Structure formats: structure tokens, C-alpha cells
Amino acid sequence: MKNNKIVIYIGILVVGVLLGWLLFGGSTNEEIDHNHNAVAETNQMWTCSMHPQIMQPEPGDCPICGMDLIPAESGSDGLMADQFKLTENAMALANIQTTVVGKGNAEGNTIKLSGKIAENEEANAVQVSYFAGRIERLNVSFTGEEVRKGQLLATIYSPELYAAQQELITAASLKKSQPALYKAVRNKLKLWKLSENQINQIEETGKVKENFPVYATVSGTVTEKLVEQGDYIKQGQPLLKIANLNTVWGNFDVYENQIDRFKKGQEVMITTNAYPNKEFKGKVDFIDPVLNTKTRTVTLRVVLSNKDDVFKPGMFVTANIEGSTAKNDEVLSIPASSVLWTGERSVVYLKTNPDQPIFEMREIKLGNQIGNEYEVVEGLFVGNEIVTNGTFTVDAAAQLQGKKSMMNKDGGKVMTGHEGHLGMDNNASNKESDHTNMNERLEVSEKFQQQLNSVYNAYINLKDALVKEDSISTSANATTLLNKLNKVDMKLLSDNKAHNHWMSLEGEIKSSATSISETSDIKSQRDHFKHLSSHLINAVQLFGVNEKVYVEFCPMADNNNGAYWLSKEEKVINPYFGEAMLTCGEVKQVIE
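Under the UniProt record's numbering, the first residue of the sequence shown carries the number 1, and numbering increases by one thereafter.
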């Protein structure tokens with residue numbers, strides 16, 4: 001009986017549980033699933049499979065091609081892999097400003113082209129020797145020397161010419177009996193560019209000249225010496241290259257989508273850093289019919305009068321041309337302050353969400369400069385919002401958060417010293433907390449800032465030595481910088497984030513400064529200075545040096561790839577070119 005009761009109670013319990021699950025379990029799951037989906041939908045962004053730059057908070061059609069938008073993949077923070085976020089405080093501190101890209105008609109605006117001065121090839125000449133022999137004396141001492149037509153350039157001993165003179169003396173005694181032989185010998189000497197007077201003098205005196213002079217056939221400037229005194233030369237061998245620099249060429253690059261804006265005979269105003277307050281007038285003389293497939297440009301040539309010897313071959317110049325745009329042709333343009341240059345790339349930063357400070361790097365292709373703006377050939381669309389002020393600070397934040405940036409094309413977190421020793425697995429959960437925005441100044445002691453300031457001052461001395469093109473002083477100042485760097489006490493950094501960032505930056509600064517100290521080649525020093533500047537800029541941004549610091553940029557440095565440097569003053573004094581382009585550049589950022 002007792003056992004029957006137990007069975008009945010168990011049966012009632014099972015039935016109750018089953019009824020409860022049927023009545024309430026399904027609705028609870030539906031509610032949980034519904035809430036989960038609601039949360040997912042809140043953070044979900046939608047993009048176009050053909051135009052990934054399109055990013056919208058809700059589904060719909062692509063504004064470019066009309067295709068249905070698809071869900072965009074995102075991280076746990078709701079951001080795309082290449083996106084990063086800044087705080088409102090950071091935005092205000094760095095005075096980051098943005099603008100929406102639009103199309104503006106360039107007609108009536110001045111188009112700015114960059115170029116170089118070159119020799120006028122039509123006025124160039126090569127001085128050759130018309131007979132073989134040995135150069136007994138070379139009267140041209142150096143390249144750049146001015147020569148006049150008829151000036152003695154060299155004296156040559158020629159065994160062939162010596163024998164031909166003897167033939168002339170013999171033939172002169174037989175000219176009545178063998179006039180044809182006599183005439184042939186004289187013509188042979190004429191082919192070797194001996195004058196009638198020289199030939200007559202040999203015949204009249206009956207004396208053979210051992211050495212013969214070579215006279216300049218044109219006037220101009222010696223641009224290249226092809227032989228040295230004592231060299232043996234062949235008949236027709238070039239001796240000197242002589243350029244007439246009374247006129248020179250200005251060669252400028254024009255992008256293929258801008259070719260129709262230029263025509264032969266168009267007036268051009270030329271400026272140069274050597275004479276910043278002067279403008280020189282010229283006209284378009286030639287537009288290359290062949291496109292350079294690597295740069296997608298053609299060469300536009302302007303012939304310039306150079307009677308006052310103003311232009312030097314190799315000099316950088318700028319052409320300002322009134323653009324004649326094709327009918328109804330609109331140009332997508334952006335402010336010059338929004339562009340960062342590195343390597344062969346030009347990049348800008350997009351604000352991908354109009355309501356939040358979320359950014360993403362975008363590579364673009366630039367056309368010509370029009371006033372204070374650049375034409376955009378590829379990479380941006382109407383309606384994109386881009387950073388126009390504080391661009392360098394946003395880039396620094398991208399670097400620290402391991403996103404794609406100016407100096408890191410593929411992205412990836414910066415490896416700090418501690419991560420290198422402890423391993424990625426042990427610290428994987430702490431990576432996000434180990435990185436901060438560059439424009440959010442880390443709290444460090446004043447003593448550490450003073451020590452970093454000593455490194456910064458040594459850097460300024462190094463920079464000034466590069467301006468003066470003094471490679472010896474540059475090397476010495478790099479050694480001083482290393483000594484100051486070794487005195488920076490890392491123990492003053494109690495915060496883990498500050499400690500890790502400094503370890504990473506210190507190694508890069510030390511490597512670049514060491515490379516500068518170990519070479520006396522000014523070009524190599526400038527190459528390493530570019531990298532030194534990049535890392536020290538990050539350090540000053542992050543820790544501060546208790547004074548105002550200017551971040552300056554020259555787009556023509558490093559073979560037109562562009563380079564940055566730090567300065568104590570707003571005035572631009574370029575360390576990458578020295579006297580050649582002392583004021584080329586602009587202030588990109590001010591670090592307080």
C-alpha cells in the first residue's frame with residue numbers, strides 16, 4: 001500500500017513538471033531569444049558587398065549601386081575590424097574637426113602642379129674628338145664651368161694625325177704632278193676638323209705638329225666631364241657635355257583625368273622656394289603624348305627664359321595654371337590639411353558614424369592641387385565625412401589601438417616590451433586595456449617629462465644640424481640624444497600602460513638614433529631621421545615635454561613620399577632639403 005502511494009506521488013510530480021514546462025518554458029525562451037535579437041539589432045551595421053565603404057545602422061539599398069545591404073561583421077564592441085573610437089574628451093583636447101566631402105567645380109580656380117627644372121635638350125651639345133689620341137692637356141677643370149665658342153678645351157697627341165701631316169708635306173711637293181693625291185690628303189685633314197689656316201700653316205712651314213688643339217663648337221655650361229687628362233680616346237668619343245642654360249625646361253606631372261584641362265600655349269606662372277616673392281611667366285610648350293603607366297601621369301613642359309641664371313637644373317618649382325575644366329565636369333576635392341602622406345600612399349581618416357566619434361583610415365589617390373585643396377581621383381565619395389583638423393592625432397590613436405594607420409598599412413597591435421617577454425597567450429585578455437588613444441595624455445611624473453624634454457632638445461639640435469647639412473654635427477648630436485635617452489628612468493613610470501608604451505617607443509628611438517650616429521652620409525641620416533621623428537612624435541604626444549611642440553610636414557621629402565619632424569617654432573625650416581628647399585612644408589599639429 002505504501003509503495004503504491006509513492007508511485008502516485010512521483011507520477012503527480014512528473015505531470016506537474018511537464019505541465020509547467022509546456023505552459024511557461026516556451027514563452028520564456030521566446031522572450032530571451034527576442035531580447036537577444038533586439039540587442040544584436042541595436043549594434044548591427046549594414047554594408048554593401050560591392051561598396052564596403054557604405055556603412056548604415058539599418059538595412060536598405062546601397063546609395064551607389066542600389067543593391068540590398070547585408071549585415072556587416074563587427075567585433076564585440078560593435079565596431080568593424082579597421083574602425084576605432086575616440087572619447088569626447090579626446091576629440092575636444094585635440095580639436096578634431098571633420099567635414100563632409102562634396103563636389104566643387106574647379107573652373108576658374110588655379111591648378112597647382114609640382115615639377116623640376118631640367119636642361120633644355122634642344123640647346124644641349126656634346127663636344128667630341130674627331131681623331132684618336134691621348135689627352136695631353138684638359139683645359140676644363142670642373143663641371144659648371146662656362147665655355148665660349150672657339151675656346152681651347154683640350155690638347156691631344158694623335159699618331160694618326162701626326163702621320164697625316166707628314167703625308168700632306170710629301171703630297172705638297174707633288175701637287176703639280178699628282179693634284180688628286182694632294183687634294184685627297186687635304187680633305188682627310190678637313191674631315192678631322194682642321195681649319196684651312198692650320199692646313200696651310202703645316203704645308204708652308206713643312207713642320208709637323210705633335211699636339212693639336214680641340215676648340216669648343218658651342219657656348220654654354222659644362223654639365224658633365226666624360227674624360228680626364230691623360231686618357232686615351234677614340235675617334236668620335238665624347239669629351240664634354242655642354243648645355244646652353246639661357247633657356248631651361250620646367251617639367252610637371254599631370255594626371256590622366258586632368259589632361260583635357262591643359263593645352264599648348266597656355267600661360268603658366270612659375271614660383272620657386274629660391275625666390276619666394278617672385279613669379280616667372282611661361283607658356284606650355286609640349287604635352288607628352290605617351291602616358292607613364294606607373295604613375296598614370298603625362299609630362300607637361302614649359303620653356304623658361306633663364307638669361308639671369310635664376311633657374312638651376314634639378315630645382316623644385318611650382319606651376320600655377322588657370323584650369324579650363326571640361327563642360328559639366330565636376331571635381332571631388334578635399335582640404336590639404338586632411339591628407340597624410342607615407343611611402344607611396346596618401347591617406348585620410350573617415351568618420352564612419354555621424355553620431356559617434358568612430359574613425360577608419362582610407363587610402364586615396366590624389367590628383368592636382370587646386371588652391372588649398374586636392375582633387376581626389378580614387379577612394380572617396382560624395383557624402384563621406386573626413387577629418388580635416390587633428391588628422392595626425394587621429395592617426396596616432398589608430399597606431400596605438402593596432403588599427404590600419406599611416407605607418408601601419410595592414411594594422412595589428414603594437415608589440416610592447418612586456419608582451420614580447422610574457423607571450424601573447426598570457427596577456428590576451430588584457431590587450432584592449434593596455435592600449436590608449438594617443439591624444440589622451442598619460443599621467444606621468446614631472447621628472448619623467450623633464451628627462452624626455454632633454455631627449456627632445458637633443459633631437460632639435462640634431463634637426464638643426466641637418467638643416468645646415470652638417471653630417472658630422474648630425475652624427476655627434478645623435479650620440480648626445482642616445483646619452484640623454486639612456487638617462488631616462490623607466491622606474492618613474494608606475495602605470496603599466498605608460499611603462500609598456502615607453503618600452504616600445506624607446507627601442508625604436510634608440511635604433512634610429514644609433515643608425516644616424518654611425519654614418520656620415522647626409523642622405524642616409526635624413527632617411528633614419530624620418531623614422532626617428534615618427535617615434536619621437538608619438539612619445540611627445542603620449543607623455544608631454546612641458547612645452548609647446550609643432551609637428552611639421554613636407555610632402556616632397558623622401559622622394560615625394562613626405563616626412564614629418566618636430567620643431568620648437570611655428571616657422572617651417574626644413575631638415576630634409578637644407579638650403580635647397582628651406583621653407584618647404586607646413587604645420588600639421590600643435591602639441592601642448
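We put the CB at the ideal spot given by N, CA and C, even for glycine. Note that the structure is predicted; figures quoted are calculated from it, not measured.
Quick test of your reading: Asn-320 and Lys-112, contact by CB under 8 Å. State the CB separation rounded to the nearest angstrom. As a position in the sequence shown, residue 320 is number 320, starting the count at 1. As a position in the sequence shown, residue 112 is number 112, starting the count at 1. The pair is a contact, with the Cβ atoms about 6 Å apart (cut-off 8 Å).
Among the candidates Gly-402, Glu-375, Ala-132, whose CA atom is the shortest distance from the CA of Met-80? Sequence index remark: in the sequence shown, residue 80 carries index 80 (1-based). It is Gly-402 whose Cα lies nearest to the Cα of Met-80.
Select from Lys-193, Glu-586, Tyr-130, Glu-145 the residue whose C-alpha is nearest the C-alpha of Phe-392. Taking the first residue of the sequence shown as 1, we reach residue 392 at position 392. Checking every option, the nearest Cα to that of Phe-392 belongs to Glu-586.
Identify the continuous beta strand (DSSP E) that holds Val-549 and give its terminal residues. Residue 549 sits at position 549 when you count from the first residue of the sequence shown. Counted as a single uninterrupted DSSP element, the beta strand (DSSP E) harbouring Val-549 occupies residues 549 to 554.
If distances are taken between C-alpha atoms only, which option among Leu-291, Ser-445, Asn-244, Gly-282 comes closest to Glu-145? For this step, residue 145 is matched to residue 145 along the sequence shown. The residue with the shortest Cα to Cα distance from Glu-145 is Asn-244.
Three or more beta-carbon pairs under 8 Å between the segment 448 to 455 and the segment 541 to 554, yes or no? Because the criterion of three Cβ pairs below 8 Å is met, the segment 448 to 455 and the segment 541 to 554 touch.
In its own chain, which residues sit with a C-beta less than 8 Å from the C-beta of Val-382, not counting the 5 before and 5 after it? As a first step, residue 382 must be located in the sequence shown, where it is residue number 382. Same-chain partners within the cutoff: Val-101, Gly-102, Lys-103, Leu-332.
For Lys-188, which residues from the same chain have a beta carbon less than 7 Å from its beta carbon, with the 5 sequence-adjacent residues on both sides left out? Looking up residue 188 in the sequence shown gives position 188. Excluding positions up to five away in sequence, the list reads Ala-164.
Pro-335: buried (16+ other C-beta within 10 angstroms of its C-beta) or exposed? The residue you call residue 335 lines up with position 335 of the sequence shown. Counting other Cβ atoms within 10 Å of its Cβ, Pro-335 reaches 16 or more and is therefore classed as buried.
Taking only three categories from DSSP, how would you classify Gln-198? As a first step, residue 198 must be located in the sequence shown, where it is residue number 198. Helix.
Backbone CA spacing between Met-415 and Met-503 [nearest angstrom]: What you label residue 415 is simply residue 415 of the sequence shown in a count that begins at 1. What you label residue 503 is simply residue 503 of the sequence shown in a count that begins at 1. Unreliable positioning characterises Met-415 in this predicted model, as indicated by a pLDDT of 37, which lies under 50. The coordinate reading is nonetheless provided below. Rounded to whole angstroms, the separation of the alpha carbons of Met-503 and Met-415 is 10 Å.
Leaving out five residues before and five after Lys-225 in sequence, what residues of the same chain have Cβ atoms less than 7 Å from its Cβ? For the purposes of this step, residue 225 is taken as the residue at position 225 of the sequence shown. Answer for Lys-225: Val-140, Thr-143, Leu-240, listed in chain order.
Counting Cβ pairs, one atom from each stretch, are 3 or more of them under 8 Å apart for the segment 526 to 542 and the segment 304 to 318? Counting C-beta pairs with one atom in each stretch, the segment 526 to 542 and the segment 304 to 318 have fewer than three that are closer than 8 Å, which means they do not touch.
When DSSP builds the beta bridges, which residues end up paired with residue 596? Since the first and last residues shown for the chain are 1 and 592, residue 596 lies out of range.
Would you list, in sequence order, the uninterrupted alpha helix (DSSP H) runs of no fewer than 4 residues that lie entirely inside the UniProt domain "DUF3347" (455 to 547)? Here the runs fully enclosed are 471 to 486, 496 to 517, 522 to 543.
Measuring only the C-alpha atoms, how far is Lys-234 from Ile-509? The residue labelled residue 234 in the question sits at position 234 within the sequence shown. The residue labelled residue 509 in the question sits at position 509 within the sequence shown. In a straight line, the C-alpha of Lys-234 is about 55 Å away from that of Ile-509.
With which residues is Ser-567 paired in a DSSP beta bridge? Residue mapping note: residue 567 aligns to position 567 of the sequence shown, counting from 1. For Ser-567, which the question treats as bridged, DSSP gives the partners Tyr-550.
Hey, Asp-231 and Ile-135: beta-carbon distance below 7 Å or not? Looking up residue 231 in the sequence shown gives position 231. Looking up residue 135 in the sequence shown gives position 135. Yes.
Give me the Cα-Cα distance between Ile-516 and Leu-466, rounded to the nearest whole angstrom. For this step, residue 516 is matched to residue 516 along the sequence shown. For this step, residue 466 is matched to residue 466 along the sequence shown. One C-alpha to the other measures close to 11 Å.
Could you tell me whether the segment 512 to 530 touches the segment 556 to 568, using the rule of 3 or more Cβ pairs below 8 Å? Counting Cβ pairs under 8 Å, three or more are found: they touch.
Of the residues Ser-473, Ser-454, Lys-468, which one's Cα is nearest the Cα of Asn-483? Within the sequence shown, the letter at position 483 stands for residue 483. The shortest C-alpha separation from Asn-483 is found at Ser-454.
Please classify Asn-477 as buried or exposed, where buried requires at least 16 neighbouring CB atoms within 10 angstroms. Start at 1 with the first residue of the sequence shown, and residue 477 comes out as number 477. Buried, because 16 or more other Cβ atoms sit within 10 Å of the Cβ of Asn-477.
Can you tell me whether Ser-338 is helix, strand or coil according to DSSP? In the sequence shown, residue 338 corresponds to position 338, counting from 1. Helix.
Can you give the Cα-Cα distance for Ser-177 and Leu-191, rounded to whole angstroms? The residue given as residue 177 occupies position 177 in the sequence shown. The residue given as residue 191 occupies position 191 in the sequence shown. Their Cα atoms are separated by approximately 24 Å.
Please check the pair Val-208 and Ile-242, which I expect to be a contact at CB under 8 Å, by giving their CB distance rounded to whole angstroms. Numbered from its first residue, the sequence shown carries residue 208 at position 208. Numbered from its first residue, the sequence shown carries residue 242 at position 242. Separation of the CB atoms of Val-208 and Ile-242 is rounded to 31 Å, and the pair is thereby denied contact status at 8 Å.
For the pair the segment 293 to 310 and the segment 344 to 355, tell me if three or more CB-CB distances fall below 8 Å. Touching, no.
Using alpha carbons as the reference points, say which of Val-549, Glu-267, Lys-404 lies closest to Arg-362. Residue mapping note: residue 362 aligns to position 362 of the sequence shown, counting from 1. Checking every option, the nearest Cα to that of Arg-362 belongs to Lys-404.
Would you call the segment 151 to 166 and the segment 253 to 263 in contact, with 3 or more CB pairs under 8 Å? Touching, no.
With contact counted as at least three CB pairs below 8 Å, one residue from each stretch, are the segment 120 to 138 and the segment 258 to 277 in contact? With contact defined as three or more Cβ pairs closer than 8 Å, the segment 120 to 138 and the segment 258 to 277 are not in contact.
Comparing C-alpha positions only, which one of Ala-274, Lys-264, Asn-89 sits nearest to Phe-577? Sequence index remark: in the sequence shown, residue 577 carries index 577 (1-based). Among Ala-274, Lys-264, Asn-89, the Cα nearest to that of Phe-577 is on Ala-274.
Cross-strand partners of Lys-112 (DSSP beta bridge): Counting from one through the sequence shown, the residue named residue 112 turns up at place 112. DSSP output for Lys-112 lists Asn-320, Gln-369 as bridge partner(s).
Tell me the rounded alpha-carbon separation between Asp-82 and Glu-378. Taking the sequence shown and counting its residues from 1, the one referred to as residue 82 is at position 82. Taking the sequence shown and counting its residues from 1, the one referred to as residue 378 is at position 378. Within the model, the alpha-carbon separation for Asp-82 versus Glu-378 is close to 19 Å.
Presumed contact (8 Å Cβ cut-off) between Ala-94 and Gly-390, rounded CB distance: Stepping through the sequence shown from its first residue, residue 94 is reached at position 94. Stepping through the sequence shown from its first residue, residue 390 is reached at position 390. The beta carbons of Ala-94 and Gly-390 sit about 4 Å from each other, so the pair counts as a contact at 8 Å.
Rounded C-alpha distance that separates Ile-573 from Asn-461: Counting from 1 along the sequence shown, the entry for residue 573 is found at position 573. Counting from 1 along the sequence shown, the entry for residue 461 is found at position 461. Answer to the nearest angstrom: the Cα atoms are 13 Å apart.
I'd like to know whether the C-beta atoms of Val-303 and Thr-247 end up nearer to each other than 7 Å. As a working note, residue 303 is residue 303 in the sequence shown. As a working note, residue 247 is residue 247 in the sequence shown. Going by beta carbons, Val-303 and Thr-247 fall inside the 7 Å limit.
Should Lys-571 be labelled buried (16 or more other beta-carbon atoms within 10 Å of its own) or exposed? Along the sequence shown, read from residue 1 onward, the residue named residue 571 stands at position 571. Its Cβ having fewer than 16 others within 10 Å, Lys-571 is exposed.
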